[in-house]
Amino acid sequence: MSRSAYLERVIIGWVQADPRNPRIDSRGMFIPGAQSPRRYQETQASAFGAKFKTFSDAHEVILGTPAPQRWIEEPDRYMPAEYEPPEDEELSDQAKAWIAKRLKPK
Numbered sequence: 113m114s115r116s117a118y119l120e121r122v123i124i125g126w127v128q129a130d131p132r133n134p135r136i137d138s139r140g141m142f143i144p145g146a147q148s149p150r151r152y153q154e155t156q157a158s159a160f161g162a163k164f165k166t167f168s169d170a171h172e173v174i175l176g177t178p179a180p181q182r183w184i185e186e187p188d189r190y191m192p193a194e195y196e197p198p199e200d201e202e203l204s205d206q207a208k209a210w211i212a213k214r215l216k217p218k
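In the numbering used here, the protein residues as written are 113 to 218.
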């Protein structure tokens with residue numbers, strides 16, 4: 113495995129571990145129709161809390177301090193659940209194709 117593939121796996125794993133992020137698959141692509149982080153917290157509070165505790169423990173092992181509690185107390189700062197590419201005419205055709213490819217459902 114190359115260094116870049118290894119780092120990609122580490123980063124994707126870190127993003128998947130944080131329950132405040134939208135669901136992504138093992139390739140780093142958004143999972144279409146997945147429950148938003150805010151909705152997940154509202155409907156399954158205990159599961160969300162357990163996942164955040166696991167993430168906080170990993171945060172402490174790696175960075176030396178637990179994840180701040182305010183991170184789960186401010187849901188307005190979570191990544192938006194329904195991501196849409198910007199409607200910006202200044203994007204190149206290549207950028208638009210890349211965005212469409214990344215958001216394309218499997």
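We put the CB at the ideal spot given by N, CA and C, even for glycine.
If I measure Cβ to Cβ from D130 and keep anything under 6 Å in the same chain, skipping five residues before and after, which residues do I get? F167
Simplified DSSP state of I211, which is helix, strand or coil: helix
Assign R121 to buried or exposed, taking buried as 16 or more other Cβ atoms, counted over all protein chains shown, within 10 Å of its Cβ. exposed
Quick one: which unbroken alpha helix (DSSP H) runs of 4-plus residues sit fully inside the stretch 151-175? Chain order, please. Fully enclosed alpha helix (DSSP H) runs of 4 or longer: 157-175.
Hey, how far is the Cα of V127 from the Cα of R182? 18 Å
By DSSP, does I124 sit in helix, in strand, or in coil? helix
Kindly indicate which residue of L119, Y152, T155 has the alpha-carbon position closest to the one of G140. It is L119 whose Cα lies nearest to the Cα of G140.
Inter-residue Cα distance where the pair is P144 and L215: 8 Å
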